Every structure is written in structure tokens, then in C-alpha cells.
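What follows is one structure encoded as C-alpha cells, with my remarks underneath.
In this note's numbering, the protein residues as written are 23 to 1130.
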């Protein structure tokens, strides 16, 4: 029989189920990156990556453990990470250019108090560095795609050395003394930039930052001695450097988390695409093994579309001059009764696989496998003049191929082949579970040519003979004497005696063979199945190679997907170039409402900054009672706010009010910004109060050595400029006022706060811009007004300088402005990265949805070829011809339902469009039958196939929990469903008759018992059923009466348990089974009481039986 086609859920149900699977997969991927030990990163079907728990990572909190255990995964991620970080190179170069220009301007101003020979070296370095930075920026902007990897890798280290040079140049702005507080602002900024902008590992970033801090400390460690409060300043520097490193580490992990998520999502998306492609290839091959390419394409395009019009679409086309071959295995019934189910399936599988190979060789299109009957056509859908010659060669080769089965089974099996040539209507019937089939009077005649033939012979009609061009010797077949249909058609028949022109002579393949692409010779056609097994071994080797090629292709495409994706133009296309807001309001709203726990965890940076600033403050500033109160209070207040926001994120349970508040902060950007604004205001208030109310030190406590250093400084300066001590300096020496210790550290605290704003994630760069400007303005106000005199006095007592432009009240204000500008650029770049990753994620989600939709369509097509429970076993593996699927069932119901008077309705005249309109009506009938299987009450029933106007279905094939000892009503409940389905078919056809003014009747047969089901042919698989149960069910239909359902006695006794009433018909001769007592189904007992049924049998009425 032809492969089984089963009922499956509708497309929407399948899509819903698939979406649930996709969500489960996403949740699995979301909840951790664990995996099986030893699983390869490039393994197909893998959805998780194991996290490395060794090395330094073992000491990190679990939320900060990111490195993949799989080396290939980590290596690819590192390459991807470097390329992503390279996008920050232009921002890095711009920042360094700004600082470099500032230092050059400062050195220009310093020429008034410094000799040129003391400044020339630094100026040359700064000028050279600026030139290098500008050239590098131009190269990166214009030729980034062409730069070699080694050059890219060198840029971060060149930038870092320039940063070190900036520190040195800034500290050598004055000759002596080099104070510990010099260049701290640049050291803090550059320390943070190392983590944020350089494409380096965390360990490398940490080393570079420590080296930078060490260099700074080393430069001030060789100061002229003694300097007041050196240890305090060095301690404050260490605290600030530690804070900057902690902030850099936080930002590094936040960015690392986003990048690894994007990496995993891209990898998963690509894996889904590759798996889908492979599945699609398998499904396409499976589909094309049953349906021609043009029919498959039409069905796929129309899948899921709403039907408009009076009739459902029919995929049918007429073809002229087509040769039809029917081949039947003579003696198959005897084999099936002596072989076990697996042996029977294996024999048929090997034989039909051989036939499929022959059909490819002889350009045949296999139509169906009907039990032990194989039929195919030549000349359609691709027309060719040698169709009849190829069909005859195919038939002769099939007769030769059966010899191996005869030898293996020690039986008298043989092939009976019939060939006829004519016109056909070819296509699929029904709207679900499509099968490609052919219909026409000529198809019926071809079938009769086979049944009237002789074992071991090829029986052809005179119509076929007219296309053979004398290439075969024939003899009279006298088929009309053995078959009424041939006699009615007046069709002369012949047997093929021998081949006069061996293949490929006389065919189109002869030309291709002359071009070096010919087929096998005749001896190769007649080889046995050992050749097939050798080919399968080769296939097994190729399968291994295919797996290897898949992995290589997967790795190459993942590399391209991750490293070759161009998102620069993508962000420009979707976002405003100035504000970076998405042009699509819906997209912008989605971006703002992203729930990311990092957005609240990043709030921890603000109290952390104030804590370190407080500790540093009391080292370098003379604190007051106000400062002693407000600074710790500010730390506690910020810590409390951050804790309330952060702690619920890590708690699965907790106070409901706290959890709700945390969720609102995550969900509402405005609320999150309000909290950040409040925290920044608290910091500003504390910072201003601690500045205004700070105590002043009396000048008298200044060590005399400071004066000595100033004298030494001016002695050095006066030797070249004839400078003298400033009068203002002497005035301050005699003034008993007080002053701050080291007020420049107030600016460094502000720099840290600006960096803290950059640490905040999922906050618009415009919001950060406003807060940054606000802090810069406040600190500028503090430097130029509140602590200006303190800064001037610091310059006087340290350097003796007060009448130049190079004073800290000016330089520190400019530094704050430069740092603010640099961080604004960095914040903008981070926003671009964040929005780019968001668009990337949207692409991944769109790809997943596309994958899901494509899989739904593909599975809908596949499940129309194989039942779902069989397809799950059959797909996803590279099957060879000897890899079989077969299963024995002990209790299955089988139904055959035919319309015997449809043959009278079918005509091929012009009025019916050569029979197409008749088949359109049949398509409507079968489609209505198919629709019944969507009902819940028929869930145990599977459609097997249609044979012309005959509909075949079965029940009990999906029950995996069969219990042979179960009560009858449990064991055979599916048989009752099948019987109810048969009655519903009658009602459906009656409604169709009423609407179309026709009088079609159903003749049905039902049987139950054991069967064997399996897939025949791995290359062109067909699900089929065998056994006496199927044969008897078919005979019940063919020997029954129109309008009746006929069953054997055993089936009647079982169904009587379900209140069905039967009428005895009598003994019926069944081929292979002898005479059997049969019964006609009258209906349910309850229905008959309300509406008595009168027998319409021609035979004498028999006594009705029912359960007692």
C-alpha cells in the first residue's frame, strides 16, 4: 500500500505547540549556561554552554562568572569581543586627542614661567602623540575593514603608552616639586577607559591599570624631601585609584554580560537557522520523493492561506502521452504469512528501494506503493518522447530484480508488470495529507494490463507498442480473454519477448552517454542487492564526512555571523543620528522598557564612590563637624537607596512591597531616572556642604621646608627669566588666615562622580549628558568661586606662582570640562553599543519567528507524508536504505470507504474539462472527510490514504500503552471511534449529495486485528500497513453493498459491546481466507429505537443480533 498519511493538528495548533517549544528552549538558555560534560561547542542541537569554574573565576560570584569552559567557544567569543570593542577605537582616539590638545595649550601657557629647555621634550612628545592619534583616527575611519589584525591589536597598547605619556607630561608641567596630587584626574579617567574602551581581557586591563597607578606613585615617590602630608596624599590617591578600578571592573562586567548575551543569542539563532536548513533539506527530499517539485511548491505557497471561492483549490494537471506502469508481486500473500513483520518489511524495503533506484535511472515518477503493488509513470510532469521505451526497460529490470527475493525466501514469487500509454490527470486530492496520484480511464486500463498479465512477463498495450519504435521483440498477449475491461475497450495486448536495442539506445540518455555521462550497462542493471549494501556502506562513510562538513560550515557561518555583521549602517537606518532615539516609536518604547537587572545593580557605583571619596577627604582635607556628619550620612543614605533597589533582584522571596517596588524600578525608566537624579543631588549636596564648611589650617603650621622649595623653584626660574618672588606670596606669608590643605582633590571627587554616571546602564546618554553638565558646572563653580583662594594659596605655598594662567583654579576647571566632554563621548558610544545590541536582539527574535514559521510549514508538509509518530522517528537522521521503521500492533481497526458509483460519474469529455471537474468534486468530498479528523472525538483515527475514490483510515496506531488484558471497552474504544467515523462519513456524503443534487453512496468495510506498519524506502519513504486484517477489511468493502458497512463476525461481536446493532448477511468468499460470516451495521441501538432502520438488502432479511 501507499505510504500512510495521518491526521495531524491544524497549522495554527502546530504553530502554537512549536512556539511553546521555542519558549521552553529560550527559558532553558536564559536560566544558565550549564551543559553536559565534554559536549563540544560546535555540536549540533546543543543550546547551552558550560561556564568555566576554574582559575580566577572560581573566586568570583556566580553572577560574574562568564568565561565559557569550551575553549573553541571562548576563543570565538574573544575574537568577537575584540571586534566589538574595536568600534570604540574612534571614541578612544578622540578622547586622547582632547587631552593631548589641552596639555599642549597648558604647556604654551607655562612658557611664561618655565624655560623652554625644560618643556621642549614634553612638547615634542605631545605633538608627536597628537600626530599619531590623528593619523590613526583617519586610518581607522577610512580603512577599518582593510586593517590587518596585528595592527588592530597594537592600537590599544599604543594608546595606553600615550596615556602614560600624558600623565608624565602633566606632572612635569612645573619643575619642582612634583606633588602627589598632580595628574590624578587623568589617571582616574584613563584607568576607567582601560576597562571600558580597550579590547582586552579583564586580567590585562587590571595589569595595565595597576601599572599606570604604580607609575604615577613612582613619579611622585622620587620627590624632593620633605613635603608636607605626602603619606596622606598617597593614601588618598590609592583610595581613588582603587575606586576607579572597581568602577571600571563593574562597567567591564556589565558590558561583558551584554556582549556574551548577544553572542549566545546570535549563536543560538544561527544554530536554529542551520538546523532548520538541514531539516528543510531532509523534509524537501522527503517531500519531493512523493510530490513533484511544482506541486510541492504550489502547496507550500498556499499553506495557511484562507480559501476564497466556492471550491477548495485542487492541485491537478492533465498530461498527454504518458506511459503508466503497474507491477505486482505474485505470491506476496504466501510470503507475508510465513515471514515475521521485521523480515517482511526488510524484504519489501530492499526490493522497493531497488525499484526506486531503477525509477531514477529510467526517469520514472513513482506514484504509489499499494501493499505489494508498485506503480509509476514516465513522460510527466516532464515530457519526453522515449517514455514508453523507458517504461518497458523499467518493467524488465523489475522482473530481474525480484529474482533476489525469490532466492532469499526460497519461494516462487515473481513480478507481473503491465504498461499502458495514454492521458492522465496528475496531482493531489484533499487539503491535508496530500498524495500525488494519477487519474484517468487510461490509468484504469494500465491497472488491468497488470492484473491480466503473466508472472515474469511485461504486458503492454497496443497504444504503448506504437511508441516503442521496434526496439523490442513482442508476441501476442491476448489480454482481452482474461480481462473484461480490456475486452470492452477493444485493446490488443502484447508480451515483451526480448530487447532488440539495449538501454540507453533509442532513448535520450544515449546522447548523454556519448558525452561521458551515461548510465550503467545492462549487466549493472541486473546486479543484486549486495551492490546496494556496498553503496550503503559508502553512504555511511559519506555521512561521517557530511557531519564533519556540517561542523566546518557551522563554524564558518557562525564566524561570519558574529564577526562580519555590519550594524553601523543598521543603527543609522533606525535611529536619529543626534538623539540616538529610534525613529520607530514602538521600537523606542520597547527599548526603554527592557527589564535588565544590571540597570539597578549599576546604582551601587554611586554609594561606592562617595564611600571612597569620604575616606580620601579625611586624609587630605581638614574636616569640620558638618563634613564629619554629612559625608557618612550621605554614604549611608545612598547605600540604603541602592540596597532597596538591588537586593530584591537577587531574592526569589521577600517583602511583597519591596519586590513590587523593585519591579516598578525595572519596568519604568522615568522612575529609575528619578531615583538616579535624587542620588546625584544627594551627592552634590554632600559635596558642596563638605566643601563650604571645611575647616581651614592656619598658615603657621606649614613647614618651613615648603618655603625652601618655593625659594629653590624661583631661584631656578630667576636664573633664566630674572624672576623675583611674587609680592602676593610675601603678603600671604605674613597673613594669619587659614586655608584648605589640598583642595584639588575636590575636583578628583567630581571626576569620580562623573565616571559613576557612565557606569549607570540603561540610562539615556542625553540624561547622562544633563547630569554630567550639572556636576561639571557645580564643580567649576566650586573651583572658581568657593575654593579659588584656597587653590591660589596652594599654588603659592607649593610653587610660588600666582600671577600666571597656569593656576589650579583654572586648570582644574578646564580639566573637569575636558573630562566631562570625554565622558559624554564615551556615554554616547555606550548608548550606540546598547542600541545596536538591542537591534541585533530584535533581528535574532525575528529570525526565530521566521524559523518557527518555516518549521511549521515544513512539518505540516512532512506530516502529510508520514504520521507524526513516525516522522519523529524518521526525521533528524541520515537514513540509509537498510535503516527501517516497522512496528507490530495487536489491536488495530481498519476502514475502507469507497464510492462505487463515482466511476459512472467520471467522464473525460470537454464539458467536464477532460475529467478535471469530476475530480474537483471528488476533492471536495475527500477534503470534507479530512476535516472530520480535526474533531476531538476522532483523535484516535489516522488517515492512511486515498485510492481513487476509496478512503482508507485506521485506529489504534497511536496507542503506546496497549494492554492486551484490558476490558473490551477499553481495548477496542478506538474501534468504536472508527465505526462512528464511518457513520459520520455517510452523513457527510449525504449532505454533499443534498447540496450538489447527486446520489453517491458509500460502500464500507471495517475489520480489526493485528497488523504490521512500517516505512518502505528511506530515499522515498512510504508508510504502509500489511496483514490479513488489512486484506479482510479491503474485501469487506469490495464485497459489500453500496450504502452499507460490512464487518466480519468477530468485529460485530466487539462493536455490540458499544451498543451497535448488526444484521447478518451470510457467508462471503474472501480471497485467501475462504468463506467468512459477515454482518451489516445498522447503527447504534439508541438511534434505532428513535428511528427504526429498515434493511435495504436484496437478500432475504436475517435476524438482527445485539449484545445480550
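Where is the CB? At the ideal position from N, CA and C, for every residue including glycine. Bear in mind that the values here come from a model prediction, so they are computed numbers and not experimental data.
Status (buried if at least 16 other CB within 10 Å, exposed otherwise) for residue i
i: residue 707; result: exposed
i: residue 870; result: buried
i: residue 605; result: exposed
i: residue 1089; result: exposed
i: residue 878; result: buried
i: residue 692; result: exposed
i: residue 873; result: buried
i: residue 303; result: exposed
i: residue 524; result: exposed
i: residue 989; result: exposed
i: residue 454; result: buried
i: residue 684; result: buried
i: residue 1032; result: exposed
i: residue 519; result: exposed
i: residue 999; result: buried
i: residue 442; result: buried
i: residue 813; result: buried
i: residue 475; result: buried
Bridge partners - residue i, DSSP secondary structure assignment
i: residue 399; result: 346, 387
i: residue 1003; result: In the DSSP output, where bridge partners are listed per residue, residue 1003 has none listed.
i: residue 497; result: 517
i: residue 1053; result: Per DSSP, none; premise fails for residue 1053.
i: residue 1097; result: 1091
i: residue 392; result: 395
i: residue 1075; result: DSSP lists no partner for residue 1075.
i: residue 437; result: 351
i: residue 770; result: According to DSSP, residue 770 bridges with nothing at all.
Proximity to residue i [Cα-Cα], best of the options
i: residue 377; options: 214, 448, 422; result: 422
i: residue 918; options: 1052, 337, 428, 144; result: 1052
i: residue 394; options: 371, 889, 387; result: 371
i: residue 1018; options: 940, 431, 157; result: 940
i: residue 180; options: 201, 157, 164, 165; result: 157
i: residue 1099; options: 92, 1074, 338, 792; result: 1074
i: residue 456; options: 1044, 922, 1066, 1059; result: 1044
i: residue 1092; options: 1080, 424, 1054, 1072; result: 1054
i: residue 348; options: 483, 520, 341; result: 483
i: residue 1009; options: 650, 297, 1105; result: 1105
i: residue 310; options: 922, 880, 924, 1072; result: 880
i: residue 219; options: 277, 1060, 358; result: 277
i: residue 804; options: 771, 1101, 1033; result: 771
i: residue 116; options: 215, 1109, 131; result: 215
Limits of the alpha helix (DSSP H) - the one that residue i falls within
i: residue 281; result: 252-310
i: residue 8; result: No answer is possible for residue 8: it lies beyond the span of the chain, which begins at 23 and ends at 1130.
i: residue 858; result: 830-884
i: residue 174; result: 171-193
i: residue 709; result: 691-714
i: residue 323; result: 315-324
i: residue 1133; result: Because the chain here runs from 23 to 1130, residue 1133 falls outside it and cannot be looked at.
i: residue 976; result: Looking at the DSSP string, residue 976 is not in any alpha helix (DSSP H); the run it does join, the beta strand (DSSP E), is 972-977.
i: residue 949; result: 938-954
Beta-carbon separation (whole angstroms), residue i vs residue j, contact threshold 8 angstroms
i: residue 977; j: residue 914; result: 7 angstroms
i: residue 438; j: residue 477; result: 5 angstroms
i: residue 649; j: residue 712; result: 4 angstroms
i: residue 657; j: residue 273; result: At roughly 21 angstroms, the Cβ-Cβ gap does not stay under 8 angstroms, so residue 657 and residue 273 are not in contact.
i: residue 631; j: residue 265; result: 6 angstroms
Residue range of the beta strand (DSSP E) that includes residue i
i: residue 916; result: 907-920
i: residue 791; result: Where residue 791 is concerned, there is no enclosing beta strand (DSSP E), although the alpha helix (DSSP H) it sits in stretches over 787-803.
i: residue 965; result: 963-969
i: residue 1029; result: 1025-1038
i: residue 960; result: Per DSSP, residue 960 belongs to no beta strand (DSSP E) and is neither H nor E.
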